[in-house]
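Everything below concerns the one structure shown next.
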Amino acid sequence: MLDKGMVQASNMQPYLSAINNYQEDMGFPGPAKGRAVSRAVKGMSRLQVQAAEAAGEEQTVWTWLPAGHVSAVHEHGLGLEPVGRAATEPLRACTYVVFAFVTFGRPETGVSMRREHISITGDDISVVLHKEKGRGHVRLRRRLTIPAAGVAGLVQLLQHWQQVRDACWGQRPVTGSEVQGSYWRLPWEQGKLQSAQANGWVQLALGRLGCVPPEGGHFSGHSTRKGACTCARAVGAALEKCCFLGGWSQLSSAIHSYIDPAAVPDEHMEKYFGWTTPRWRQQ
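The structure is reproduced here in C-alpha coordinates:
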(Lines of atoms letter the chains of each structure in order from A and count residues from 1; the text may use other names and numbers.)
(Lines give C-alpha, C1' and ligand atoms only; values in the text may rest on other atoms or scores of the structure.)
Protein backbone atom coordinates (compact mmCIF):
# COMPACT_ATOMS: atom_id res chain seq x y z
CA MET A 1 0.00 0.00 0.00
CA LEU A 2 2.91 2.33 0.72
CA ASP A 3 4.56 1.70 -2.64
CA LYS A 4 1.31 2.16 -4.55
CA GLY A 5 0.29 5.25 -2.56
CA MET A 6 -3.15 3.76 -1.98
CA VAL A 7 -3.45 4.50 1.74
CA GLN A 8 -1.94 7.27 3.83
CA ALA A 9 -1.03 6.83 7.47
CA SER A 10 -3.44 9.62 8.35
CA ASN A 11 -6.45 7.64 7.11
CA MET A 12 -5.48 4.14 8.17
CA GLN A 13 -7.90 3.91 11.09
CA PRO A 14 -11.02 2.90 9.09
CA TYR A 15 -9.06 0.03 7.54
CA LEU A 16 -7.70 -1.10 10.91
CA SER A 17 -11.16 -0.92 12.45
CA ALA A 18 -12.60 -3.03 9.63
CA ILE A 19 -9.94 -5.70 10.23
CA ASN A 20 -10.65 -5.70 13.96
CA ASN A 21 -14.42 -5.89 13.48
CA TYR A 22 -14.14 -8.79 11.04
CA GLN A 23 -11.91 -10.81 13.35
CA GLU A 24 -14.04 -10.05 16.41
CA ASP A 25 -17.20 -11.10 14.56
CA MET A 26 -15.47 -14.44 13.90
CA GLY A 27 -14.74 -14.83 17.61
CA PHE A 28 -11.09 -13.83 17.50
CA PRO A 29 -9.42 -10.83 19.15
CA GLY A 30 -8.88 -7.80 16.96
CA PRO A 31 -5.24 -7.91 15.77
CA ALA A 32 -4.90 -4.26 14.67
CA LYS A 33 -4.81 -2.72 18.13
CA GLY A 34 -2.30 -1.68 20.73
CA ARG A 35 0.96 0.17 21.02
CA ALA A 36 2.79 -1.88 18.40
CA VAL A 37 0.20 -1.05 15.74
CA SER A 38 0.24 2.64 16.68
CA ARG A 39 4.02 2.72 16.35
CA ALA A 40 3.81 0.90 13.00
CA VAL A 41 1.37 3.49 11.65
CA LYS A 42 3.63 6.31 12.85
CA GLY A 43 6.57 4.62 11.15
CA MET A 44 4.52 4.28 7.97
CA SER A 45 3.89 8.02 8.06
CA ARG A 46 7.61 8.74 8.28
CA LEU A 47 8.35 6.35 5.41
CA GLN A 48 5.77 8.04 3.22
CA VAL A 49 7.32 11.45 3.85
CA GLN A 50 10.78 10.08 3.10
CA ALA A 51 9.55 8.37 -0.07
CA ALA A 52 7.97 11.60 -1.31
CA GLU A 53 11.15 13.56 -0.61
CA ALA A 54 13.30 10.94 -2.33
CA ALA A 55 11.05 11.12 -5.39
CA GLY A 56 11.38 14.88 -5.46
CA GLU A 57 7.67 15.38 -4.86
CA GLU A 58 6.77 18.84 -3.65
CA GLN A 59 4.82 18.87 -0.40
CA THR A 60 1.61 20.87 -0.72
CA VAL A 61 -0.57 22.39 1.95
CA TRP A 62 -4.32 21.86 2.00
CA THR A 63 -5.35 25.51 1.66
CA TRP A 64 -8.57 27.19 2.75
CA LEU A 65 -10.41 29.16 0.10
CA PRO A 66 -10.56 32.91 0.85
CA ALA A 67 -13.97 34.55 0.75
CA GLY A 68 -12.56 37.17 -1.61
CA HIS A 69 -11.92 34.48 -4.23
CA VAL A 70 -15.44 33.15 -3.76
CA SER A 71 -16.88 36.64 -4.17
CA ALA A 72 -14.99 37.05 -7.45
CA VAL A 73 -16.26 33.67 -8.66
CA HIS A 74 -19.78 34.64 -7.59
CA GLU A 75 -19.76 37.88 -9.61
CA HIS A 76 -18.22 36.10 -12.59
CA GLY A 77 -20.94 33.45 -12.54
CA LEU A 78 -23.71 36.03 -12.41
CA GLY A 79 -22.24 37.72 -15.47
CA LEU A 80 -22.04 34.57 -17.59
CA GLU A 81 -24.65 34.20 -20.32
CA PRO A 82 -23.95 30.66 -21.50
CA VAL A 83 -24.58 29.57 -25.05
CA GLY A 84 -23.46 26.00 -25.62
CA ARG A 85 -21.37 23.54 -23.68
CA ALA A 86 -18.16 25.58 -23.44
CA ALA A 87 -19.89 28.38 -21.55
CA THR A 88 -22.36 26.31 -19.51
CA GLU A 89 -19.76 24.27 -17.66
CA PRO A 90 -17.96 27.35 -16.23
CA LEU A 91 -21.29 28.63 -14.88
CA ARG A 92 -21.86 25.29 -13.17
CA ALA A 93 -18.36 25.40 -11.69
CA CYS A 94 -18.89 28.92 -10.34
CA THR A 95 -22.27 28.02 -8.86
CA TYR A 96 -20.86 24.91 -7.21
CA VAL A 97 -17.98 26.80 -5.59
CA VAL A 98 -20.30 29.40 -4.05
CA PHE A 99 -22.88 26.79 -2.99
CA ALA A 100 -20.29 24.47 -1.41
CA PHE A 101 -18.67 27.41 0.36
CA VAL A 102 -21.89 28.70 1.91
CA THR A 103 -23.08 25.23 2.99
CA PHE A 104 -19.73 24.03 4.46
CA GLY A 105 -20.21 21.04 2.20
CA ARG A 106 -18.04 18.01 1.68
CA PRO A 107 -17.42 17.30 -2.02
CA GLU A 108 -19.46 14.10 -1.84
CA THR A 109 -22.43 15.94 -0.33
CA GLY A 110 -22.34 18.83 -2.78
CA VAL A 111 -21.83 16.82 -5.96
CA SER A 112 -24.60 14.35 -5.08
CA MET A 113 -27.27 17.07 -4.75
CA ARG A 114 -30.51 16.38 -6.57
CA ARG A 115 -32.94 18.97 -7.85
CA GLU A 116 -35.44 18.44 -5.08
CA HIS A 117 -32.76 18.95 -2.42
CA ILE A 118 -32.46 22.69 -3.07
CA SER A 119 -35.54 24.89 -2.88
CA ILE A 120 -35.93 28.65 -2.78
CA THR A 121 -38.83 30.42 -1.09
CA GLY A 122 -39.41 34.11 -0.55
CA ASP A 123 -37.33 34.23 2.62
CA ASP A 124 -35.11 31.14 2.71
CA ILE A 125 -32.94 28.75 0.78
CA SER A 126 -33.56 25.20 1.96
CA VAL A 127 -30.92 22.52 1.42
CA VAL A 128 -31.50 18.85 2.23
CA LEU A 129 -28.19 17.08 2.88
CA HIS A 130 -29.09 13.81 1.22
CA LYS A 131 -25.63 12.26 1.36
CA GLU A 132 -23.40 12.93 4.36
CA LYS A 133 -20.35 11.07 5.59
CA GLY A 134 -21.18 8.77 8.49
CA ARG A 135 -24.96 9.21 8.18
CA GLY A 136 -25.81 6.59 5.60
CA HIS A 137 -27.54 4.50 8.28
CA VAL A 138 -29.77 7.38 9.40
CA ARG A 139 -33.18 7.52 7.72
CA LEU A 140 -33.85 11.21 8.34
CA ARG A 141 -31.65 13.70 6.53
CA ARG A 142 -30.47 17.04 7.86
CA ARG A 143 -31.80 20.27 6.42
CA LEU A 144 -29.95 23.59 6.33
CA THR A 145 -31.93 26.80 6.08
CA ILE A 146 -30.06 29.85 4.83
CA PRO A 147 -31.86 33.21 4.92
CA ALA A 148 -32.19 34.50 1.37
CA ALA A 149 -31.13 37.94 2.56
CA GLY A 150 -28.16 36.47 4.40
CA VAL A 151 -25.95 36.03 1.33
CA ALA A 152 -26.40 38.74 -1.27
CA GLY A 153 -26.74 37.34 -4.78
CA LEU A 154 -26.92 33.67 -3.80
CA VAL A 155 -30.55 33.23 -4.85
CA GLN A 156 -29.83 34.95 -8.16
CA LEU A 157 -26.85 32.70 -8.88
CA LEU A 158 -28.73 29.49 -8.07
CA GLN A 159 -31.70 30.55 -10.20
CA HIS A 160 -29.39 31.55 -13.05
CA TRP A 161 -27.76 28.12 -13.05
CA GLN A 162 -31.11 26.31 -12.78
CA GLN A 163 -32.53 28.19 -15.76
CA VAL A 164 -29.49 27.50 -17.92
CA ARG A 165 -29.37 23.83 -16.87
CA ASP A 166 -33.07 23.32 -17.58
CA ALA A 167 -32.71 24.99 -20.97
CA CYS A 168 -29.94 22.53 -21.83
CA TRP A 169 -32.11 19.59 -20.84
CA GLY A 170 -35.03 21.01 -22.78
CA GLN A 171 -33.08 20.53 -25.99
CA ARG A 172 -32.61 16.79 -25.50
CA PRO A 173 -34.70 13.91 -24.12
CA VAL A 174 -34.08 12.92 -20.50
CA THR A 175 -33.77 9.25 -19.60
CA GLY A 176 -33.26 7.71 -16.18
CA SER A 177 -34.18 9.06 -12.76
CA GLU A 178 -30.54 9.55 -11.74
CA VAL A 179 -29.76 11.71 -14.74
CA GLN A 180 -33.00 13.64 -14.52
CA GLY A 181 -32.73 14.29 -10.79
CA SER A 182 -29.12 15.49 -10.52
CA TYR A 183 -28.85 19.16 -9.62
CA TRP A 184 -25.54 19.51 -11.49
CA ARG A 185 -25.74 17.06 -14.35
CA LEU A 186 -25.76 18.22 -17.96
CA PRO A 187 -27.31 16.19 -20.81
CA TRP A 188 -24.07 15.46 -22.65
CA GLU A 189 -22.44 13.80 -19.63
CA GLN A 190 -22.32 10.04 -19.16
CA GLY A 191 -22.29 8.08 -15.91
CA LYS A 192 -22.77 9.21 -12.34
CA LEU A 193 -21.04 12.36 -11.15
CA GLN A 194 -18.32 11.46 -8.65
CA SER A 195 -17.20 13.47 -5.63
CA ALA A 196 -13.79 14.00 -7.25
CA GLN A 197 -15.57 16.19 -9.79
CA ALA A 198 -15.58 18.93 -7.13
CA ASN A 199 -11.82 19.32 -7.58
CA GLY A 200 -12.27 20.00 -11.28
CA TRP A 201 -15.04 22.52 -10.71
CA VAL A 202 -13.00 24.40 -8.12
CA GLN A 203 -9.97 24.49 -10.43
CA LEU A 204 -12.08 25.59 -13.41
CA ALA A 205 -13.83 28.42 -11.58
CA LEU A 206 -10.71 29.77 -9.88
CA GLY A 207 -8.57 29.31 -12.97
CA ARG A 208 -10.80 31.55 -15.07
CA LEU A 209 -10.11 34.41 -12.68
CA GLY A 210 -6.45 33.72 -12.02
CA CYS A 211 -7.06 32.91 -8.35
CA VAL A 212 -4.07 30.94 -7.09
CA PRO A 213 -3.22 29.53 -3.65
CA PRO A 214 -0.28 30.76 -1.57
CA GLU A 215 3.16 29.35 -2.36
CA GLY A 216 3.17 25.63 -1.60
CA GLY A 217 -0.60 25.52 -1.20
CA HIS A 218 -3.29 23.74 -3.16
CA PHE A 219 -6.97 24.45 -3.78
CA SER A 220 -9.18 21.36 -3.92
CA GLY A 221 -12.79 20.34 -3.40
CA HIS A 222 -12.17 20.45 0.36
CA SER A 223 -10.88 24.03 0.25
CA THR A 224 -14.43 25.38 0.19
CA ARG A 225 -15.26 23.52 3.41
CA LYS A 226 -12.05 24.62 5.10
CA GLY A 227 -12.60 28.18 3.90
CA ALA A 228 -16.16 28.24 5.21
CA CYS A 229 -15.10 27.19 8.71
CA THR A 230 -12.21 29.63 8.79
CA CYS A 231 -14.22 32.58 7.49
CA ALA A 232 -17.28 31.95 9.67
CA ARG A 233 -15.16 31.75 12.80
CA ALA A 234 -13.22 34.85 11.78
CA VAL A 235 -16.40 36.97 11.67
CA GLY A 236 -17.63 35.62 15.01
CA ALA A 237 -19.77 32.55 14.33
CA ALA A 238 -20.03 30.27 17.36
CA LEU A 239 -18.09 27.02 17.14
CA GLU A 240 -21.32 25.13 17.87
CA LYS A 241 -22.97 26.69 14.83
CA CYS A 242 -20.00 25.81 12.63
CA CYS A 243 -20.20 22.21 13.88
CA PHE A 244 -23.88 22.07 12.98
CA LEU A 245 -23.48 23.60 9.54
CA GLY A 246 -20.55 21.34 8.71
CA GLY A 247 -22.04 18.19 10.19
CA TRP A 248 -19.47 17.67 12.94
CA SER A 249 -20.30 16.33 16.38
CA GLN A 250 -20.40 19.04 19.03
CA LEU A 251 -17.73 17.08 20.91
CA SER A 252 -15.51 16.45 17.90
CA SER A 253 -12.09 18.03 17.67
CA ALA A 254 -11.90 17.41 13.91
CA ILE A 255 -13.32 20.83 13.08
CA HIS A 256 -10.21 22.54 14.46
CA SER A 257 -8.14 21.19 11.57
CA TYR A 258 -10.44 23.15 9.23
CA ILE A 259 -9.99 26.50 10.97
CA ASP A 260 -7.12 28.93 10.55
CA PRO A 261 -7.32 30.97 13.78
CA ALA A 262 -4.96 33.58 12.32
CA ALA A 263 -7.39 34.55 9.54
CA VAL A 264 -8.24 38.25 9.59
CA PRO A 265 -11.94 39.08 9.03
CA ASP A 266 -12.86 41.18 6.00
CA GLU A 267 -15.94 42.37 4.13
CA HIS A 268 -16.02 39.27 1.94
CA MET A 269 -16.17 36.95 4.95
CA GLU A 270 -18.94 39.13 6.36
CA LYS A 271 -20.82 38.89 3.06
CA TYR A 272 -21.02 35.11 3.18
CA PHE A 273 -21.12 34.35 6.89
CA GLY A 274 -22.34 37.44 8.68
CA TRP A 275 -25.75 35.75 8.88
CA THR A 276 -24.26 33.07 11.15
CA THR A 277 -23.54 35.60 13.90
CA PRO A 278 -25.97 36.98 16.52
CA ARG A 279 -25.48 40.56 15.35
CA TRP A 280 -26.99 39.83 11.92
CA ARG A 281 -30.48 39.45 13.39
CA GLN A 282 -30.03 42.74 15.21
CA GLN A 283 -29.35 44.71 12.05
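Start counting the sequence shown at 0; every next residue gets the next number (numbering that gives the first Met the number 0). For every residue, glycine included, the Cβ atom is placed at its ideal position computed from N, Cα and C.
Looking from the CA of Thr144, the closest CA among Arg114, Leu128, Ala195 belongs to Leu128. Exposed is the label assigned to Tyr14, since fewer than 16 other Cβ atoms lie within 10 Å of its Cβ.
If you draw a 10 Å sphere on the C-beta of Thr87, you find 16 or more other C-beta atoms in it, and that means buried.
Assignment of beta-bridge partners to Thr144 by DSSP yields Ser125. When DSSP states are grouped into helix, strand and coil, Arg105 belongs to the coil group. With respect to the C-alpha of Arg164, the residue from Pro212, Val82, Tyr271 having the closest C-alpha is Val82.
Scanning Glu23, Trp63, Pro277, Met11 for the CA closest to the CA of Gly149 turns up Pro277. In the three-state reduction of the DSSP assignment, Gly152 falls in the coil class.
Counting along the chain, the unbroken alpha helix (DSSP H) around Ile18 starts and ends at 12-24.
Annotation: Ser248 to Gly169 spans about 42 angstroms, alpha carbon to alpha carbon.
The residue from Leu203, Cys242, Ser219 with its alpha-carbon nearest to that of Leu90 is Leu203.
Apart from sequence neighbours up to five positions away, the residues of its chain that approach Ala71 with a beta-carbon distance below 8 angstroms are Leu208, Cys210, ordered along the chain. Going by DSSP, Ser181 is part of no alpha helix (DSSP H) at all; its letter is neither H nor E. Annotation for Leu185: Cys167 place their beta carbon closer than 6 angstroms to its own, counting only its chain and skipping 5 residues before and after.
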